[in-house]
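According to numbering that gives the first Met the number 0, numbering within the sequence shown proceeds without interruption in unit steps and concludes at 250. Please read the structure below before turning to the comments.
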Amino acid sequence: MNDDQLLRYSRHILLDQIGIEGQQKLLDARVLVLGAGGLGSPAALYLASAGVGHLTIVDDDEVDLTNLQRQILHTTERVGQSKVASAKLSLQQINPEVQVEAIQERLQGDRLRDLIRAADVVLDCSDNFETRHAVNAACVEFATPLVSGAAISFDGQISVFDSRNKDAACYACLFPAEQRVEEVRCSTMGVFAPLVGIIGTMQSAEALKLVMGLGQSLQGRLMLLDAMHMEWTTITIPKNQECSVCGQSHP
């Protein structure tokens with residue numbers, strides 16, 4: 000690290016649990032953020048400010064006026080721009096040292112698998128079950144840690160699915176891919192603005208801990224937030240041995 004980096008990241012380096020070694024792990028890391036909306040905005044901002052060396056941001060959407068109530072990566076002047084271009088500008092303004100790769104597409108198939116294989120950690124900040132299940136399957140395949148978040152109305156949830164641990168549950172253990180679930184979108188249900196900030200920020204915290212190998216992750220636990228009453232509930236997630244993605248018959 001050069002003098003500017005030592006100064007920029009000094010408040011991390013002062014922490015005994017992080018120090019120069021931990022900060023260097025962040026500088027060397029590659030993190031994939033799927034979604035540059037309500038969850039992806041705070042998550043990406045903290046990942047960039049913390050010094051993650053390479054950030055890949057994926058989203059196929061454009062900035063809309065209705066996004067600005069909660070999607071803090073974007074500004075009024077950028078309405079109509081691609082979200083990933085807006086995100087890249089914001090992230091480079093907060094930390095020009097970070098390499099930001101902006102991909103404007105809905106990833107699927109080999110393209111998605113290649114990006115997940117190259118990442119140290121994946122943050123799923125998407126808003127649909129099809130994407131979540133595709134991301135989970137690739138993370139299981141390549142044993143890439145997955146930090147999953149969701150928020151709607153006043154309800155949020157977050158967990159970590161780390162397939163490096165063979166006994167760990169995956170996203171499909173909790174929400175089986177073959178189980179039909181009604182999609183609920185912010186565009187029809189609404190969402191409390193700070194809720195996505197809370198969940199997205201927690202996603203960045205879990206990702207940073209995973210990269211540095213610090214503390215205990217949310218693996219095996221699903222945290223549910225009722226923001227109306229500001230109450231947290233934690234549910235244990237056991238591995239489903241019959242899971243169609245990570246079960247014993249699907250190595």
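We put the beta carbon where it would ideally sit given N, CA and C, even for glycine.
If I'm right that isoleucine 157 touches methionine 222 with Cβ under 8 Å, what's the distance once you round it to whole angstroms? 5 Å
Opposing strand residues paired with aspartate 225 [DSSP bridges]: Paired residues: Asp154, Glu230.
Can you determine whether any heavy atom of the ligand ADP sits closer than 6 Å to the C-beta of valine 210, and answer yes or no? Absent from the structure shown: the ligand ADP. Ligands present: none.
Taking its Cβ as the centre, do 16 or more other Cβ atoms sit within 10 Å of arginine 69, making it buried, or is it exposed? Result: buried.
Is serine 254 helix, strand or coil when you go by DSSP? Residue 254 lies beyond the range of the chain shown here (0 to 250); nothing can be said about it.
Relative to the C-alpha of aspartate 15, which residue among Ile234, Leu213, Gln80 is closest? Ranking the options by Cα distance to aspartate 15, first place goes to Leu213.
Nonlocal neighbours in the same chain, by C-beta distance under 7 Å from glutamate 177, ignoring five residues either side: Ser243
Considering histidine 53, what are the terminal residues of the beta strand (DSSP E) in which it resides? For histidine 53, the uninterrupted beta strand (DSSP E) segment begins and ends at 53 to 57.
Restricting to Cα atoms, I'd like to know which of Val30, Thr235, Gln23 is closest to threonine 143. Val30
Counterpart residues of alanine 149 in DSSP-defined beta bridges: Gln156
For glutamine 107, which of Asp2, Gly21, Arg131 has the nearest alpha-carbon? Comparing Cα-Cα distances from glutamine 107 to each of Asp2, Gly21, Arg131, the minimum goes to Arg131.
Counterpart residues of threonine 235 in DSSP-defined beta bridges: Bridge partners of threonine 235: Arg220.
Apply the 10 Å Cβ neighbour rule to asparagine 1 and answer buried if 16 or more other Cβ atoms are within range, or exposed otherwise. So asparagine 1 ends up on the exposed side.
Aspartate 113: buried (16+ other C-beta within 10 angstroms of its C-beta) or exposed? exposed
Please report the straight-line C-alpha distance between arginine 10 and valine 78, rounded to a whole angstrom. 35 Å
Which first and last residues belong to the beta strand (DSSP E) in which arginine 29 is found? 29 to 33
Distance check for proline 237 and alanine 171, CA to CA, integer angstroms please. 11 Å
Which of the three DSSP states, helix, strand or coil, is assigned to alanine 118? coil
Aspartate 123 versus glutamine 240: straight-line alpha-carbon distance, rounded: 23 Å
Any chance the segment 86 to 106 sits against the segment 225 to 236, with 3 or more Cβ pairs inside 8 Å? The segment 86 to 106 is not in contact with the segment 225 to 236.
Within this structure, are the beta carbons of valine 97 and leucine 209 separated by less than 7 Å? no
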